[in-house]
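Worksheet: the structure to be examined is printed underneath.
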Amino acid sequence: MKRRYVVFGITSCMLIVVSLLIRDSRWAEERMLKPLSAEDLAYAVHDRPNDPLAFLYYGSALLKAGDLTDAAYAFTRATKLDPKLYEAYLGLGSIQLRLRDYVAAQSSFQKASQLRPHQIAAYLGLAQAYYLNGLPEHATGPLKKIVALQPKNDLAWYTLGQMYGDAHEPDQALLAMQRAVALKPHNPEYRIALAEVLIHYARYTDAEQQLVQAIRDDYNNAYAHYLLGYVFEQQGDNPQLRGQAEQEFLNALARKPEMEAAYFDLGQLYERDGDYKPAITNYRKAFHLNPSDAQALYHLGLCLVQSGKIKEGQQLINGAQALSHAQREIDYMQKRIIADPRNPDLRLRMARIYKKYGNYSEALQQYQVYSALRPPDRRIEKEIAACYTSLKKASLPKTSVSHIVQP
Numbered sequence: 113m114k115r116r117y118v119v120f121g122i123t124s125c126m127l128i129v130v131s132l133l134i135r136d137s138r139w140a141e142e143r144m145l146k147p148l149s150a151e152d153l154a155y156a157v158h159d160r161p162n163d164p165l166a167f168l169y170y171g172s173a174l175l176k177a178g179d180l181t182d183a184a185y186a187f188t189r190a191t192k193l194d195p196k197l198y199e200a201y202l203g204l205g206s207i208q209l210r211l212r213d214y215v216a217a218q219s220s221f222q223k224a225s226q227l228r229p230h231q232i233a234a235y236l237g238l239a240q241a242y243y244l245n246g247l248p249e250h251a252t253g254p255l256k257k258i259v260a261l262q263p264k265n266d267l268a269w270y271t272l273g274q275m276y277g278d279a280h281e282p283d284q285a286l287l288a289m290q291r292a293v294a295l296k297p298h299n300p301e302y303r304i305a306l307a308e309v310l311i312h313y314a315r316y317t318d319a320e321q322q323l324v325q326a327i328r329d330d331y332n333n334a335y336a337h338y339l340l341g342y343v344f345e346q347q348g349d350n351p352q353l354r355g356q357a358e359q360e361f362l363n364a365l366a367r368k369p370e371m372e373a374a375y376f377d378l379g380q381l382y383e384r385d386g387d388y389k390p391a392i393t394n395y396r397k398a399f400h401l402n403p404s405d406a407q408a409l410y411h412l413g414l415c416l417v418q419s420g421k422i423k424e425g426q427q428l429i430n431g432a433q434a435l436s437h438a439q440r441e442i443d444y445m446q447k448r449i450i451a452d453p454r455n456p457d458l459r460l461r462m463a464r465i466y467k468k469y470g471n472y473s474e475a476l477q478q479y480q481v482y483s484a485l486r487p488p489d490r491r492i493e494k495e496i497a498a499c500y501t502s503l504k505k506a507s508l509p510k511t512s513v514s515h516i517v518q519p
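Reminder that position 217 of the sequence shown reads as 329 in our numbering, one-by-one numbering, no gaps.
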C-alpha cells in the first residue's frame, strides 16, 4: 500500500515538472498567443519586443484585418528575432504576393521551403510568385517538388501541366495532364486541359474523346462545347464536320452567351462558306465583347468588303492594323516591365502608352507605381491629373483600346 503512494507521489512530481516545462515552451506560447485579438497582441509585442511568436501572431491578426503594411513589419520582425520561424516567412510571402512584389515573395517562400523542405505550402507560394512574375518556366520547379512529396496530388499535376504549357514545354505538359486525368478521371477541367495540349499536337481524334467525356461529366460546361466545336472545325471542311462544329459553338453560346471566341469561330465558319451576312453579325458581336480583338475587326472588314460595303470595310481593316500595332507596343513594354519591375522610366513609358490609346485606368496604375519609385514631379502630376479627368469623361471599357475604331 505504501508503494502505491510512492508511485503516485512520483507521478505527481513528474506532472508538475512537465507542466512547468510546457509553460516555458514554444507550444505554450502558441496556445497563449493564438486566441488573442490584434489589440491584445499589440500590447504583447510592446511588452515583449524580443518575442518572435508575439510578432508572428500579431502579423497574422493584422493580415486577417487587411493591414498589409503593419503585418509585413510584424512578420519581418519575427524573422529577424527567429530566422528559423517558418510560418513568418509564409506570412511575409503572402503579403508580398498581394503587394505584387513578386521578387521579394520568391525570396520569402524560398527561405520557408529551405526550413521545411517536406511541406508543400512554401512550394505553392513560390510557384505562384514565379508565375505572377511572368516566369512559368521557374514555377515548374517547386511544383515538381510538390508532386514528388505527394505523387497522388491531382491538383498539383494539373497546375504543373499548366505551367509547362505556359513555358512552351508541351511534351511535359502532356505528361502532367495525363497524370492528373488518371488520378481524377471525372474532373472535366482536367480533361479539357489535356484536350488543349492534344490540340497543340493536332491530335484531334484524341482531343475529341477527352472533350466528349468532359461534357458527359459536366454537360453545361460551355468551354468544353466550344473546344469540341473547334476540334470539329479543324478536322476538315466537309458538311458533316462543319455542321457539328456549328452546333457545338451554338451549344457553348446557349450556356455562356458572352463567349467571344464562339462568335468569332462561327464567323469563320460562315465566312469560309461565303455566307457573309451571318459572318458579319458574329464578327460584330465578337468585337463588341472584346474590343481589343484585332482579328475579329479585320475579318469583319473583309466580309463587309466582300458584301459590297467597301468603304466601311476598308476603314475597319485599317483600324485592325492600328489596333495590332497598339497591342504589339503594349506587349513589348509589358515584357520589359516584367524583366525590370522597379524601373521608373519603363513605368512612365507604359503609362503614356496606355494613355495614348485611351486606356486611362491602366495608365493611372502605372503612374502610381512610377510615383512610388521617383520623387514628386510637378510635370508628371499634371499628366496624372489630366489622366483622371479623361477617365471620368470616357465611356469606353477601362481596359480596351477600342477608341481606335468604331465598327
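By construction, the Cβ of each residue, glycine as well, lies at the ideal position given by its N, Cα and C atoms.
Item to check | Residue from K423, Q231 and G246 with nearest C-alpha to Q262 | outcome: Q231
Next on the checklist: Which of the three DSSP states is assigned to H298 in this structure?
Outcome noted: coil
Checklist entry - Do G205 and A217 have their C-beta atoms within less than 8 Å of each other? => result yes
Checklist entry - How big is the Cα-Cα spacing for Q477 and G237? => result 25 Å
Next on the checklist: Distance check for G203 and S172, CA to CA, integer angstroms please.
Outcome noted: 7 Å
Next on the checklist: So, for S419: in the same chain, excluding its five sequence neighbours on each side, which residues have a beta-carbon less than 6 Å away from its beta-carbon?
Outcome noted: Y388
Checklist entry - Do the segment 366-380 and the segment 329-347 touch if we need at least three Cβ pairs shorter than 8 Å? => result yes
Next on the checklist: Could you compute how far the alpha carbon of L521 sits from the alpha carbon of E360?
Outcome noted: Within the shown structure, residues of the chain are numbered from 113 to 519, placing residue 521 beyond reach of any answer.
Next on the checklist: Quick test of your reading: D266 and A292, contact by CB under 8 Å. State the CB separation rounded to the nearest angstrom.
Outcome noted: 5 Å
Checklist entry - Nearest-angstrom Cα distance between L255 and Y185? => result 29 Å
Checklist entry - Would you report the Cα separation of A305 and M289, rounded to the nearest angstrom? => result 7 Å
Checklist entry - Can you give the Cα-Cα distance for R135 and A326, rounded to whole angstroms? => result Summary for R135: the model assigns pLDDT 34, below 50, so the residue's position carries little reliability, and this model does not support an answer.
Checklist entry - Excluding five sequence neighbours on each side, which residues of the same chain lie with their C-beta closer than 7 Å to the C-beta of L537? => result Residue coverage of the chain in this structure runs from 113 to 519, which leaves residue 537 outside it and unanswerable.
Checklist entry - Are Y410 and D377 touching if we call contact CB-CB under 8 Å? => result no
Checklist entry - Where does T271 land, buried or exposed, given buried means 16+ other C-beta within 10 angstroms? => result buried
Item to check | Where K223 falls, given that 16 or more other Cβ within 10 Å makes a residue buried | outcome: buried
Item to check | R354 - DSSP class collapsed to helix/strand/coil | outcome: helix
Next on the checklist: For A150 and A484, I'd like the C-alpha separation in whole angstroms.
Outcome noted: 29 Å
Checklist entry - Exposed or buried, G253, counting other C-beta atoms within 10 Å across all chains shown (16 or more means buried)? => result exposed
Item to check | Beta carbon of L435 nearer than 8 Å to that of A463 | outcome: no
Item to check | Distance, Q480 Cα to D489 Cα | outcome: 12 Å
Next on the checklist: On the criterion of 16 or more Cβ atoms from any shown chain inside 10 Å, does A498 qualify as buried, or is it exposed?
Outcome noted: exposed
Item to check | Between the CA atoms of P403 and H298 - distance to the nearest angstrom | outcome: 36 Å
Item to check | Same chain, Cβ closer than 6 Å to V417, neighbours up to 5 away in sequence not counted | outcome: G425
Item to check | Cutoff 8 Å; reference D163; Cβ partners in own chain excluding five residues on either side | outcome: E141, A156, V157 and L193
Checklist entry - What are the start and end residues of each continuous beta strand (DSSP E) run of 3 or more residues lying completely inside the segment 376-413, in chain order? => result none
Item to check | Whole alpha helix (DSSP H) elements within the segment 446-484, 4-residue minimum | outcome: 456-468
Item to check | Of the listed residues A451, I442 and R396, nearest to L428 (C-alpha basis) | outcome: R396
Checklist entry - Would you say Y472 and S502 are within 8 Å of each other, going by their C-beta atoms? => result yes
Item to check | Cβ neighbour criterion (16 or more within 10 Å) applied to G431 | outcome: buried
Item to check | Local Cβ density within 10 Å of F120, reported as buried at 16 or more and exposed below that | outcome: Here the model assigns F120 a pLDDT of 32, short of 50, so the residue's position is not dependable, and the following value carries that caveat. Result: exposed.
Checklist entry - From what residue to what residue does the alpha helix (DSSP H) around S419 run? => result Taken as a continuous stretch (DSSP letters only), S419 belongs to no alpha helix (DSSP H), as it is neither H nor E.
Item to check | Distance CB(A375)-CB(N394) smaller than 8 Å | outcome: Per the sequence shown, the amino acid found at residue 375 is Tyr instead of Ala. Yes; because the gap between Cβ atoms is below 8 Å, this pair is in contact.
Checklist entry - What do you reckon, are the CB atoms on Y201 and N245 nearer than 8 Å? => result no
Checklist entry - From P225 to L168, what distance separates their C-alpha atoms? => result Before going further, note that residue 225 is Ser rather than Pro in the sequence given. When rounded, the distance between both Cα atoms is 18 Å.
Checklist entry - Apart from the five residues on each side of it in sequence, which residues of its chain come closer than 7 Å, Cβ to Cβ, to E199? => result L168
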